[in-house]
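Q:
Protein chains: 2
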Amino acid sequence: MRKALLFRLSKHGGHFGPNFGMVEATIALHYVFNSPVDKIVYDVSHQSYCHKMLTGRKDAYLYEEHFDDVSGYSNPEESEHDFFNIGHTSTSISLASGLAKARDLKGESGNVIAVIGDGSLSGGEALEGLDFAGEMDSNFIIVINDNDMSIAENHGGMYKNLKLLRETDGKAECNLFKAMGLDYVYVGNGNDVTALISAFESVKDSKKPVAVHIVTEKGMGYEPAEKNKEQWHWCMPFDPETGKSTVNFSGEDYGTITGKLVMDKIKSDNKVCAITSATPAVFGFTADKRKEAGKQFIDVGIAEEQAAAMASGIAKNGGKPFYGVYSTFIQRTYDQLSQDICINNNPVAIAVFAASVYGMNDVTHLGIYDIPMMSNIPNLVYIAPYTKEEYIAALDWAIEQNEHPVAVRVPAAVVSDGKKVTKDFSKLNVYEMTQKGNKVAIIALGSFYGLGEQAAKEIESRTGVKPTLINPYYITGIDTEMLESLKADHSVVITLEDGVLDGGFGEKIARFYGSSDVKVLNYGLKKAFLDRYNAADVMKENRLTPELIAEDAASLL
Amino acid sequence: MRKALLFRLSKHGGHFGPNFGMVEATIALHYVFNSPVDKIVYDVSHQSYCHKMLTGRKDAYLYEEHFDDVSGYSNPEESEHDFFNIGHTSTSISLASGLAKARDLKGESGNVIAVIGDGSLSGGEALEGLDFAGEMDSNFIIVINDNDMSIAENHGGMYKNLKLLRETDGKAECNLFKAMGLDYVYVGNGNDVTALISAFESVKDSKKPVAVHIVTEKGMGYEPAEKNKEQWHWCMPFDPETGKSTVNFSGEDYGTITGKLVMDKIKSDNKVCAITSATPAVFGFTADKRKEAGKQFIDVGIAEEQAAAMASGIAKNGGKPFYGVYSTFIQRTYDQLSQDICINNNPVAIAVFAASVYGMNDVTHLGIYDIPMMSNIPNLVYIAPYTKEEYIAALDWAIEQNEHPVAVRVPAAVVSDGKKVTKDFSKLNVYEMTQKGNKVAIIALGSFYGLGEQAAKEIESRTGVKPTLINPYYITGIDTEMLESLKADHSVVITLEDGVLDGGFGEKIARFYGSSDVKVLNYGLKKAFLDRYNAADVMKENRLTPELIAEDAASLL
Numbered sequence: 007m008r009k010a011l012l013f014r015l016s017k018h019g020g021h022f023g024p025n026f027g028m029v030e031a032t033i034a035l036h037y038v039f040n041s042p043v044d045k046i047v048y049d050v051s052h053q054s055y056c057h058k059m060l061t062g063r064k065d066a067y068l069y070e071e072h073f074d075d076v077s078g079y080s081n082p083e084e085s086e087h088d089f090f091n092i093g094h095t096s097t098s099i100s101l102a103s104g105l106a107k108a109r110d111l112k113g114e115s116g117n118v119i120a121v122i123g124d125g126s127l128s129g130g131e132a133l134e135g136l137d138f139a140g141e142m143d144s145n146f147i148i149v150i151n152d153n154d155m156s157i158a159e160n161h162g163g164m165y166k167n168l169k170l171l172r173e174t175d176g177k178a179e180c181n182l183f184k185a186m187g188l189d190y191v192y193v194g195n196g197n198d199v200t201a202l203i204s205a206f207e208s209v210k211d212s213k214k215p216v217a218v219h220i221v222t223e224k225g226m227g228y229e230p231a232e233k234n235k236e237q238w239h240w241c242m243p244f245d246p247e248t249g250k251s252t253v254n255f256s257g258e259d260y261g262t263i264t265g266k267l268v269m270d271k272i273k274s275d276n277k278v279c280a281i282t283s284a285t286p287a288v289f290g291f292t293a294d295k296r297k298e299a300g301k302q303f304i305d306v307g308i309a310e311e312q313a314a315a316m317a318s319g320i321a322k323n324g325g326k327p328f329y330g331v332y333s334t335f336i337q338r339t340y341d342q343l344s345q346d347i348c349i350n351n352n353p354v355a356i357a358v359f360a361a362s363v364y365g366m367n368d369v370t371h372l373g374i375y376d377i378p379m380m381s382n383i384p385n386l387v388y389i390a391p392y393t394k395e396e397y398i399a400a401l402d403w404a405i406e407q408n409e410h411p412v413a414v415r416v417p418a419a420v421v422s423d424g425k426k427v428t429k430d431f432s433k434l435n436v437y438e439m440t441q442k443g444n445k446v447a448i449i450a451l452g453s454f455y456g457l458g459e460q461a462a463k464e465i466e467s468r469t470g471v472k473p474t475l476i477n478p479y480y481i482t483g484i485d486t487e488m489l490e491s492l493k494a495d496h497s498v499v500i501t502l503e504d505g506v507l508d509g510g511f512g513e514k515i516a517r518f519y520g521s522s523d524v525k526v527l528n529y530g531l532k533k534a535f536l537d538r539y540n541a542a543d544v545m546k547e548n549r550l551t552p553e554l555i556a557e558d559a560a561s562l563l
Numbered sequence: 007m008r009k010a011l012l013f014r015l016s017k018h019g020g021h022f023g024p025n026f027g028m029v030e031a032t033i034a035l036h037y038v039f040n041s042p043v044d045k046i047v048y049d050v051s052h053q054s055y056c057h058k059m060l061t062g063r064k065d066a067y068l069y070e071e072h073f074d075d076v077s078g079y080s081n082p083e084e085s086e087h088d089f090f091n092i093g094h095t096s097t098s099i100s101l102a103s104g105l106a107k108a109r110d111l112k113g114e115s116g117n118v119i120a121v122i123g124d125g126s127l128s129g130g131e132a133l134e135g136l137d138f139a140g141e142m143d144s145n146f147i148i149v150i151n152d153n154d155m156s157i158a159e160n161h162g163g164m165y166k167n168l169k170l171l172r173e174t175d176g177k178a179e180c181n182l183f184k185a186m187g188l189d190y191v192y193v194g195n196g197n198d199v200t201a202l203i204s205a206f207e208s209v210k211d212s213k214k215p216v217a218v219h220i221v222t223e224k225g226m227g228y229e230p231a232e233k234n235k236e237q238w239h240w241c242m243p244f245d246p247e248t249g250k251s252t253v254n255f256s257g258e259d260y261g262t263i264t265g266k267l268v269m270d271k272i273k274s275d276n277k278v279c280a281i282t283s284a285t286p287a288v289f290g291f292t293a294d295k296r297k298e299a300g301k302q303f304i305d306v307g308i309a310e311e312q313a314a315a316m317a318s319g320i321a322k323n324g325g326k327p328f329y330g331v332y333s334t335f336i337q338r339t340y341d342q343l344s345q346d347i348c349i350n351n352n353p354v355a356i357a358v359f360a361a362s363v364y365g366m367n368d369v370t371h372l373g374i375y376d377i378p379m380m381s382n383i384p385n386l387v388y389i390a391p392y393t394k395e396e397y398i399a400a401l402d403w404a405i406e407q408n409e410h411p412v413a414v415r416v417p418a419a420v421v422s423d424g425k426k427v428t429k430d431f432s433k434l435n436v437y438e439m440t441q442k443g444n445k446v447a448i449i450a451l452g453s454f455y456g457l458g459e460q461a462a463k464e465i466e467s468r469t470g471v472k473p474t475l476i477n478p479y480y481i482t483g484i485d486t487e488m489l490e491s492l493k494a495d496h497s498v499v500i501t502l503e504d505g506v507l508d509g510g511f512g513e514k515i516a517r518f519y520g521s522s523d524v525k526v527l528n529y530g531l532k533k534a535f536l537d538r539y540n541a542a543d544v545m546k547e548n549r550l551t552p553e554l555i556a557e558d559a560a561s562l563l
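Chains as they are written, first to last, in this note's numbering: chain G, 7 to 563; chain C, 7 to 563.
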């Protein structure tokens, strides 16, 4: 199985360490339990490759032409052995508890098993689930796959307890799982298939909730991955002999750009602190940089709620918190954004990464929903820059100002025009007119500003009308003065945004002009859960090309 | 202090049990610590009345004319002793950890204290905070106010551990707080001011994170509240002699209506189960009804993430889950709605209560943000009925169907027209034209349908034009066929919704008509964190009266 994993991963990329560590446990689970009558739910499900091999999907790991038969996560459309599309962490216990409850309501039997890594345990949903499970009075098995790692190292007090349990062969009286009301079984070598089978057999058909704590080695069986666990959590295609990546990136990325800016701030101001919820690499904070930042860097572990609320407290007490987070994961902290940060209007700076149709394209990791989710919360200032220079200026202001919670939407690609940005971001909701034309105005938000430029050219060459072009910057408010002024000599206003249209930016412009003679065309994405899509196709389907936009505009002129 | 509490609460209403239980602890906290240099953060902050008395706000509890000087929650605008506007549970540890972190960044000293009730501990944010705190290496004090109650009884495995700790005078080796990495101090009588002072003095200026577990009696000092803790968690004005409410409600409410429907379903189908996250009364499940429902009722405790994700699992495995929740609290489960329920398209039925400008009017409990938060998530069907009959029909369908996640927005007030509802809700996004007119069409959503009727009459009497009236029902989709047909003989379309306009329902209509000649007027609320507002004033400010709507419409005709 490891050979098959290596074959696929070296050619295709994917989650490496989690799968190499779970080979024996997956075999033991399927040996002892009768899937799908017995139901196994994998947390994050990035460790479910071996499960897929054992449930009819081995070809996707053996033959290159079958790679695309499977997703990187559990997927009910692929197999009756998968119960949910899962990609976010910390959900398995709660989801599985529902499967168990339905089983009991229907008076059926069978085992329900949640498999969760130690890193995912720190998430609020997992802890709520653990607490709930401790009160159940029927079969429910939680396998804790403890490899002493999150994506990076673990953070949180509970990991001292896991360490104590490992050091005492599970015998320490002080035990997080017992404190949550669960029975407890310990397997010191979670890569020993015999020991695992014996442990799983001991809890099979248990009528009480039980935690089975297994200690595995992340990346086991491939030396580079055993030695550098963080780097090998996930991989791009690589040479299996050397472990070296076969994909070359050149040029800058926003991780590096952000990391440099934030590190400079840290060095010059001891009140600045950088916060991550277990994905420090997203803003370029590799292990050496984390060490360099010292106490001014905080990894809260997988705990987005803690990250957001703590940032509010830091800001309230005079610190300058910066929180860097993926678009798909900021969803995990809506209430903290609203209640802890925005109601209190505390000056937290947030950078939202991979917020684009060009971001991650798995259905569980879409980056096109942050605008409707965040931008309708009062007090938040959400800014969408286009160029690298605009991004740096916006983020710099976000960190230094102390008036508002400010989020900056990291552009999809690094576009640099070398222009000095003189914009005063503290004057909220002031848009920038970058080209004055007439009849048609294009308001092109953030990453789609470049598309706006192209569409403007296309419209001009097709109709002879030179459109006005506007960089709005602000997602969270409209420049009523500028919009009002457009009425004088414009009959069509076009909006472009790199996200779903529903609840987004363009609709606010449509509302503004609703009672006027100005016609509004909103471009963005249709509301849908896209999966493993081709971005160019999706752009075209949503008429997001200069030609199609020009075609629509021409028909209205 | 209890006399002052009784005076205010009997005349004004408010949180009763939490404050009566915290009198001694609040005195001890202020005796030992030096507020506001030492910073105390109260979870939910519904137990902060005594704190307010001791920090310059006693008049609000002694004199009726000063009642309105204070809010029911901690409030930085009132006093430098309050650090956050807080109203949702489980936030105190995370917020306070930020205050502590900023103190350390600045190299300052002083104690930071989070005060959290046992009921609030089960929330994901609190557990993330507890875990984070366990790794801190400086002063941080968490006071666990354990009165063995949430709003109703506690639920979750951790409460077995709290019980064990109470029974062993805090000496049991298995200890949730120690397992989270914290030091631990136990106070068996948390209503004994001397014992409390001694415990707080022992941890004052501690350089390590520590949990102080104090056992208090909810409602202590007022016999009716000691005897019936759930009923006296919060009270309306009452006669202090008898404890009987001085406010009379007559007529039906949606708690009772929902409870009856759900109980009928439970009785006739063992696959139905009702879920609450610690607020069972919101759908009429008083203690007797909870007992009657048996295993078909689940209180997950304060754990909205668990509630939503578990509901998805129940639906996946053939159960029929119903989750009843306040609009303001469903905010706590955005990612579970999106990832656990909607990506998997599992048929969970949700009723969203107090979702209206006429709902709760504290800034932390607003019910006007659920539409932008929920309705832009794909796959979700969100329905807004107007009458009692429509509500029952919609909720009945939501529970019985197995195609979609369906949420029903509970109307603001019970309006009954006795009409049999024949609408087939499974035909998604089909609006209902209830009056055919011309020139003007009013699309009046949910609770505001009545306002739409009145506005239609007002427009007709003012202009002679008889407007078309539409009940759209569906918040999550538009009836393109009907909207298209309106273009033939309508020049103005008016939308009304009981929530903020930004990211809401009306903007989708404005986008639809953006490129047409139809003018659109969207009515709803301005995006803002309103606090202790008068609903009639807010309605008027947003031009939400029949007269103002008619005035606007007339000017466009």
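The beta-carbon is built from N, C-alpha and C at its ideal position, and this holds for glycine as well.
#1: Looking at G:Leu168: is its Cβ nearer than 7 Å to the Cβ of G:Asp152?
#2: Using CA atoms only, rank isn't needed, just tell me which of G:Glu438, G:Lys442, G:Phe431 and G:Asp504 is closest to G:Leu457.
#3: Using CA coordinates, which residue listed in C:Tyr192, C:Thr95, C:Gly483 and C:Glu86 is at the minimum distance from C:Ile122?
#4: With DSSP run on the structure shown, which of helix, strand or coil describes G:Asp124?
#5: Using 7 Å as the limit for Cβ to Cβ distance, is G:Thr97 near chain C?
#6: Can you list, in chain order, the residues of its chain whose CB lies under 7 Å from that of G:Lys213, leaving out five sequence neighbours each side?
#7: So, helix, strand or coil for C:Phe244, using DSSP?
#8: Report yes or no: do the segment 315-330 of chain G and the segment 219-232 of chain G share at least 3 C-beta pairs separated by less than 8 Å?
#9: Given G:Val416, which residues of its chain have a CB within under 8 Å of its CB, disregarding the five upstream and five downstream residues?
#10: Is the number of C-beta pairs between the segment 341-351 of chain C and the segment 280-298 of chain C that are closer than 8 Å three or more?
#11: Considering only C-alpha positions, which residue in the set G:Leu35, G:Phe73, G:Glu30 and G:Ala450 is nearest to G:Gly19?
#12: If I measure Cβ to Cβ from G:Met11 and keep anything under 7 Å in the same chain, skipping five residues before and after, which residues do I get?
#13: So, under 8 Å CB-CB, C:Glu131 and C:Thr97 are touching, yes? Tell me the CB distance rounded to an integer number of Å.
#14: Suppose you measure from the CA of G:Ala450 to the CA of C:Asp49; what does that come to, to the nearest Å?
#15: Just mark C:Ser208 as buried or exposed, buried being the case when its beta carbon has 16 or more other beta carbons within 10 Å.
#16: For the alpha helix (DSSP H) holding G:Asn25, just list the boundary residues, first then last.
#17: Using alpha carbons as the reference points, say which of G:Gly163, G:Asn540, G:Leu101 and G:Tyr480 lies closest to G:Gly365.
#18: Rounding to the nearest angstrom, what Cα-Cα distance links G:Lys433 and C:Ala560 in this structure?
#19: Could you spell out the range, first to last residue, of the alpha helix (DSSP H) harbouring G:Asp137?
#20: Which residues in chain C sit within 9 Å of G:His161, going by Cβ to Cβ distance?
#21: Can you tell me where the alpha helix (DSSP H) holding C:Gly456 begins and where it ends?
#22: Quick one, which of C:Lys184, C:Pro384 and C:Asp376 has its alpha-carbon nearest G:Asn382's?
#23: Please give the ranges of any beta strand (DSSP E) in the segment 249-282 of chain G, keeping only runs that are unbroken, at least 3 residues long and fully inside the region.
#24: Using 8 Å for Cβ pairs, my map puts G:Lys532 next to G:Asn548. What's the rounded Cβ distance?
#25: Chain C partners of G:His94, CB-CB under 7 Å?
#26: Tell whether a beta-carbon distance below 7 Å holds between G:Asn435 and G:Asp485.
#27: Since C:Gly125 and C:Ser156 should fall inside the 8 Å C-beta cutoff, what is the C-beta to C-beta distance between them, to a whole number of angstroms?
#28: So is G:Asp270 in contact with chain C if we call contact Cβ pairs under 7 Å?
#29: Pick out whichever of G:Leu475, G:Val278 and G:Gln312 has its Cα sitting closest to the Cα of G:Ala299.
A: If we stick to the structure as given:
#1: Position 162 of the first sequence holds residue 168 of chain G. Position 146 of the first sequence holds residue 152 of chain G. Cβ distance < 7 Å, so G:Leu168 and G:Asp152 count as in contact.
#2: Numbered from 1 along the first sequence, position 451 holds the residue referred to as residue 457 of chain G. Nearest option by C-alpha distance: G:Asp504.
#3: Residue mapping note: residue 122 of chain C aligns to position 116 of the second sequence, counting from 1. If we check each option's Cα against that of C:Ile122, C:Thr95 comes out closest.
#4: Along the first sequence, one-based indexing puts residue 124 of chain G at 118. G:Asp124 falls in the coil class under three-state DSSP.
#5: Stepping through the first sequence from its first residue, residue 97 of chain G is reached at position 91. Yes, contact with chain C.
#6: Locating residue 213 of chain G in the first sequence gives position 207, where the first residue counts as 1. Contacts found: Ser144 and Asn145.
#7: Here the question's residue 244 of chain C lines up with position 238 in the second sequence. In the three-state reduction of the DSSP assignment, C:Phe244 falls in the strand class.
#8: no
#9: Counted from its first residue, the first sequence places residue 416 of chain G at position 410. Scanning its chain for C-beta atoms nearer than 8 Å, with the 5 sequence neighbours on each side dropped, one finds around G:Val416 the residues Tyr260, Thr264, Ala357, Val358, Phe359, Ala360, Ala361 and Tyr397, in chain order.
#10: Judged by Cβ distances under 8 Å, the segment 341-351 of chain C makes no contact with the segment 280-298 of chain C, as fewer than three pairs qualify.
#11: Working through the first sequence from its first residue, we reach residue 19 of chain G at position 13. Among G:Leu35, G:Phe73, G:Glu30 and G:Ala450, the Cα nearest to that of G:Gly19 is on G:Phe73.
#12: Counted from its first residue, the first sequence places residue 11 of chain G at position 5. For the record, residue 11 of chain G in the displayed sequence is Leu; it is not Met. Around G:Leu11: Asn25, Phe26, Tyr55 and Tyr67.
#13: In the second sequence, residue 131 of chain C corresponds to position 125, counting from 1. In the second sequence, residue 97 of chain C corresponds to position 91, counting from 1. Their Cβ separation, rounded to whole angstroms, is 6 Å, which keeps C:Glu131 and C:Thr97 in contact under 8 Å.
#14: Your numbering for residue 450 of chain G matches position 444 in the first sequence. Your numbering for residue 49 of chain C matches position 43 in the second sequence. So the alpha carbons of these two residues sit roughly 43 Å apart.
#15: Locating residue 208 of chain C in the second sequence gives position 202, where the first residue counts as 1. The residue in question, C:Ser208, is exposed, as its Cβ has fewer than 16 Cβ neighbours within 10 Å.
#16: In the first sequence, residue 25 of chain G corresponds to position 19, counting from 1. Its alpha helix (DSSP H) spans residues Gly23 to Gly27.
#17: On the first sequence, residue 365 of chain G is found 359 positions in, with the first residue counted as 1. Taking only the C-alpha atoms, the option nearest G:Gly365 is G:Asn540.
#18: Residue 433 of chain G sits at position 427 when you count from the first residue of the first sequence. Residue 560 of chain C sits at position 554 when you count from the first residue of the second sequence. Cα to Cα, the separation comes out at about 36 Å.
#19: Indexing the first sequence from 1 puts residue 137 of chain G at position 131. Segment Gly130 to Ala139, the alpha helix (DSSP H) holding G:Asp137.
#20: The residue labelled residue 161 of chain G in the question sits at position 155 within the first sequence. Those are Asp137, Phe138 and Glu141, listed as they occur along chain C.
#21: Taking the first residue of the second sequence as 1, we reach residue 456 of chain C at position 450. It spans Tyr455 to Thr469 - the alpha helix (DSSP H) in which C:Gly456 sits, taken as one unbroken run.
#22: Taking the first residue of the first sequence as position 1, residue 382 of chain G is located at position 376. Cα-wise, what sits closest to G:Asn382 is C:Asp376.
#23: 278-282
#24: As a first step, residue 532 of chain G is located in the first sequence; it is residue number 526 there, counting from the start. As a first step, residue 548 of chain G is located in the first sequence; it is residue number 542 there, counting from the start. About 6 Å; that satisfies the 8 Å criterion.
#25: Within the first sequence, numbered from 1, the residue matching residue 94 of chain G stands at position 88. In chain order: Asp341 and Gln345.
#26: By 1-based counting over the first sequence, the position of residue 435 of chain G is 429. By 1-based counting over the first sequence, the position of residue 485 of chain G is 479. Contact: yes.
#27: One-based indexing of the second sequence puts residue 125 of chain C at position 119. One-based indexing of the second sequence puts residue 156 of chain C at position 150. Correct: roughly 3 Å between the Cβ atoms.
#28: Your numbering for residue 270 of chain G matches position 264 in the first sequence. No, because no Cβ of chain C sits closer than 7 Å to the Cβ of G:Asp270.
#29: Translated into the one-based positions of the first sequence, residue 299 of chain G becomes position 293. Of all alpha-carbon atoms in G:Leu475, G:Val278 and G:Gln312, the one lying nearest the alpha-carbon of G:Ala299 is that of G:Val278.
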